[in-house]
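Residue numbers for the sequence shown follow this note's numbering, so the first one is 14 and each next one is one higher. Beta carbons are placed, not taken as given, at the ideal position from N, Cα and C, and that holds for glycine. Below is one structure, written out as C-alpha cells; the observations come after it.
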Amino acid sequence: MKTLAIFFMILSGSALFAQSSDYHWFLEELYFGRQPSPKSASMGGGFSAYTENEFGSYYNPALTSLDKGLTINTSFSQGYPGYKGTSYNFLNASYNFKKVGTFSVSSYNVNYKIVERSWIPEDQNEYLYKNNHTIYTFNYSRDISKDFIAGININSVQPHYFNPYNSKQYLESLNKSLYSLDAGILIKIPVSKINADVFQGVQIGGAFYNITNSKAYTPAESYYEPAYYFPLPQIFRLGFSYNINIRKNKLISNLSLMNLLVHLENESVVNSNRNNEQKIGIEGTLIDLISVRAGYSSMDKDNINYGIGLNLPISLLLEKKSPVDISINYASLKPVPTDNYIEYPEDVTKYQMLSFKLNWTPGF
Numbered sequence: 014m015k016t017l018a019i020f021f022m023i024l025s026g027s028a029l030f031a032q033s034s035d036y037h038w039f040l041e042e043l044y045f046g047r048q049p050s051p052k053s054a055s056m057g058g059g060f061s062a063y064t065e066n067e068f069g070s071y072y073n074p075a076l077t078s079l080d081k082g083l084t085i086n087t088s089f090s091q092g093y094p095g096y097k098g099t100s101y102n103f104l105n106a107s108y109n110f111k112k113v114g115t116f117s118v119s120s121y122n123v124n125y126k127i128v129e130r131s132w133i134p135e136d137q138n139e140y141l142y143k144n145n146h147t148i149y150t151f152n153y154s155r156d157i158s159k160d161f162i163a164g165i166n167i168n169s170v171q172p173h174y175f176n177p178y179n180s181k182q183y184l185e186s187l188n189k190s191l192y193s194l195d196a197g198i199l200i201k202i203p204v205s206k207i208n209a210d211v212f213q214g215v216q217i218g219g220a221f222y223n224i225t226n227s228k229a230y231t232p233a234e235s236y237y238e239p240a241y242y243f244p245l246p247q248i249f250r251l252g253f254s255y256n257i258n259i260r261k262n263k264l265i266s267n268l269s270l271m272n273l274l275v276h277l278e279n280e281s282v283v284n285s286n287r288n289n290e291q292k293i294g295i296e297g298t299l300i301d302l303i304s305v306r307a308g309y310s311s312m313d314k315d316n317i318n319y320g321i322g323l324n325l326p327i328s329l330l331l332e333k334k335s336p337v338d339i340s341i342n343y344a345s346l347k348p349v350p351t352d353n354y355i356e357y358p359e360d361v362t363k364y365q366m367l368s369f370k371l372n373w374t375p376g377f
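Printed below as a string of C-alpha cells:
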C-alpha cells in the first residue's frame, strides 16, 4: 500500500503543479486528432483501465504488462478535417519477461497536406504544406505487487512542419526533436466470485503524460515578432473498468460464453484551458469470437460511436503449447471536433480505423 500511495502522489502531484493555460494545440493532430485503437475510439476514447494490452503505452504506460509473451499491435486510418491526404499509422511491439517486466517500443505517425489555394490543381499549387510528425516511445512496465502494475514511457517526438511563409531558421527550431516522460499505474481490486462459472474484475488506472513539460522554442523572426514556446500537452487520465465473464459454455469448453466490460474515464489537459472530457464505453464479447462496442464522449455530444471486432483465439481452440492469438478490429466514426478546428473546402464526415493484434506466448 505504501508503494501504491507514492505512485498516486506522483501522478496527482504532477497534474497539480503543471503550468496552466500553456498548451496551444501544438501537434494537435497526433495527440487529439486520432487515437490508435478502434476499440477505444468506438467506446468513447477511454482505455486507461482496460483489461489487456491494447496499444498499452498510448493509453496508460502500465497496460503493457497485461499480456504475456510477445504482443504486436498495429493500426491504420485516413482522413482528417481540414487536411488532404491524411494517413495515420501506429506500430507497437512488446515482450513480457516473467520476472523482469515488460519492454515495449512503438511509433505513431501522421502525414497530411494543407492546400491553401484549393481552386488550383494540387500538382500546380505552390502553397502545399506537407507535414509529417512521429512519436517514438520506449516503454517499461512491471508488477509491483500482485494487484498493482506501474509503467513509464520515454518519448522522442519528431515534428516536421513545412511552411513557405516561415524562415529556414524558424522551421529548423520548430522541427527539433523533443523528449518527454510519462508514468502510469493500474490497480486490480479483488472481487469475490459470484459462482464457479462467473468471474468479476474491477480496475482503476491513472496516467500522466509529459511530466517533464517539454516544449519547442522558436526565435523571433523580426523585431516586431516575439519568440514563442510551443509546449506539448500534459494529459492526465483517470479510469475505472468493471468486467464480468461467464465461463460456462457447452459449445466449446475452452471459450467463455460471454464477457461484458464497462469503462469510465476522465481526461484533462492540465496545461491548457481545455475542459475535462468524460468518456464512457461498453464492450460485449460472445464466445471469445465476436465483439460489439459502443461509447460516448463529452467532447462529441452529438454522436454515439459504434465498432465491431473479430477475435481468433487459436490457443484456446487448438490448445497449442506455444499459442498464438489474433484479433482484428474496425470502427467507422465521425471526427471529434477540437478547439483548433478550421473548416476547409475538403472536409471529412467519416473516417475508418482498422487494427490488428497478435499475441504469442512461448511454451517455455
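* With a cut-off of 8 Å on the beta carbons, I'd call Asn168 and Tyr153 a contact; round off their distance for me. => The Cβ separation is near 13 Å, so there is no contact.
* To do: Taking 7 Å as the cut-off, decide whether the C-beta atoms of Asn109 and Lys370 are in contact.
  => no
* To do: State buried or exposed for Asp160, treating a residue as buried only when at least 16 other CB atoms are found within 10 Å of its CB.
  => exposed
* Cα separation between Ser220 and Lys201? -> As written in the sequence, residue 220 is Ala, which differs from the Ser given in the question. Using only the alpha carbons, I get a separation of about 15 Å.
* Secondary structure at Tyr93, three-state DSSP: helix, strand or coil? -> coil
* Classify Ala75 as helix, strand or coil using the three-state DSSP reduction. => coil
* State yes or no: is the C-beta of Gly252 within less than 7 Å of the C-beta of Gly297? => no
* **Delimiting residues of the alpha helix (DSSP H) encompassing Ala54** => Pro51 to Ala54
* State buried or exposed for Leu299, treating a residue as buried only when at least 16 other CB atoms are found within 10 Å of its CB. => exposed
* Could you check the C-alpha separation between Asn353 and Gly57 for me, to the nearest Å? => Any reading at Asn353 must be qualified, since the residue scores a pLDDT of 49, below 50, and its modelled position is unreliable; no value is offered.
* Asked: With a cut-off of 8 Å, do at least 3 Cβ pairs link the region 242-251 to the region 58-73?
  -> yes
* Tyr192 in three-state terms, based on DSSP -> strand
* **Simplified DSSP state of Glu280, which is helix, strand or coil** => strand
* For Ser281 versus Pro51, is the C-beta distance shorter than 7 Å? -> no
* Asked: If you draw a straight line from the alpha carbon of Glu356 to that of Leu268, how long is it in whole angstroms?
  -> Note on Glu356: pLDDT 47, under 50, position unreliable in the model; the coordinate value appears next. Roughly 48 Å separates the two Cα atoms.
* Quick one: what does DSSP say Tyr44 is sitting in, helix, strand or coil? -> helix
* Could you tell me whether the region 336-348 touches the region 311-323, using the rule of 3 or more Cβ pairs below 8 Å? => yes
* Measuring alpha carbon to alpha carbon, tell me which of Asn288, Ile339 and Leu325 ends up nearest Ser311. => Asn288
* **Rounded separation between Leu104 and Glu67 - CA only** => 11 Å
* **Gln182: first and last residue of the uninterrupted alpha helix (DSSP H) it sits in** => Lys181 to Leu187
* Can you tell me which of Ala106, Ile157 and Lys126 puts its alpha carbon nearest to the alpha carbon of Thr150? => Ala106
* To do: Per DSSP, which residues does Asn272 bridge with? Please list them.
  => Asn258 and Thr298
* Cβ shell of Tyr364 (< 7 Å), same chain only, five flanking positions each side left out -> Ser90, Gln91, Gly92, Leu346 and Pro348
* Could you name the residues that DSSP lists as bridge partners for Thr84? => Ser107 and Asn372
* Asked: Apart from the five residues just before and just after Asn145, which ones in its own chain have a Cβ nearer than 6 Å to its Cβ?
  -> Asn124 and His173
* To do: Give a yes or no on whether the C-beta atoms belonging to Phe243 and Ala229 are separated by under 7 Å.
  => yes
* Compute the beta-carbon to beta-carbon distance between Thr64 and Asn223, rounded to the nearest angstrom, for a pair I have assumed lies under 8 Å. => With 8 Å as the limit, Thr64 and Asn223 do not qualify as a contact, their Cβ atoms being about 26 Å apart.
* Asked: Pick from Ser285, Ile303, His276 and Ser304: whose alpha carbon is nearest that of Ile295?
  -> His276
* Asked: So what does DSSP say about Ser70, is it helix, strand or coil?
  -> helix
* Helix, strand or coil: which one does DSSP assign to Thr115? -> strand
* Does any residue of chain C bring its CB to less than 7 Å from the CB of Asn66? -> In the structure shown, chain C cannot be found, because there is only a single protein chain.
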